[in-house]
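In the working numbering, the protein residues as written are 4 to 111.
C-beta: ideal position from N, C-alpha, C; glycine also.
Remember, it's a predicted structure, so these values are computed and weren't measured experimentally.
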Amino acid sequence: MNNPISAVDPDGLLEYSVVFTDRSLNHMSQPFQEVMREISATLKKVYNSSAVVIIPGGGTYAMEAVSRQFATGKKCFVIRNGWFSYRWSQIFEAGNIPSEEVAFKAQL
4 MNNPISAVDP
14 DGLLEYSVVF
24 TDRSLNHMSQ
34 PFQEVMREIS
44 ATLKKVYNSS
54 AVVIIPGGGT
64 YAMEAVSRQF
74 ATGKKCFVIR
84 NGWFSYRWSQ
94 IFEAGNIPSE
104 EVAFKAQL
């Protein structure tokens, strides 16, 4: 099979994302790991931190992570101000996360 990229890490898996592009870096490849180390070092410096956590995922993944971390078993207030405000309610309901949800629609 001809590789669409000439600089493929031979130690990494020869798989490519079919969702985004055939040129994405494999998360097990050396180039990807180097980039992640650089990003981590930069974040530590910028935020004056001894440790950072990078969680790869889409917007819904981030919203669910925040919901589970801060809203589990608590009363939540959702302001309806756009499309993604409805996504909060979907995530809450699907995961049975808060004890109660109150939603208000913003008036413009």
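- Bounds of the alpha helix (DSSP H) holding V49 are 33–49.
- Straight-line spacing of the CA atoms in N29 and P59 works out to 13 Å.
- R71 has its alpha-carbon roughly 15 Å from the corresponding atom of F80.
- P101 and R90 have their C-alpha atoms some 14 Å from each other.
- By the CB criterion at 8 Å, I94 and M66 fall inside the cutoff.
- Judged by DSSP in its simplified three-state form, V69 adopts helix.
- For I82, the enclosing beta strand (DSSP E) covers residues 78–83.
- Under the three-state reduction of DSSP output, A54 falls in the coil class, being neither helix nor strand.
- Boundaries of the beta strand (DSSP E) around A106: 103–108.
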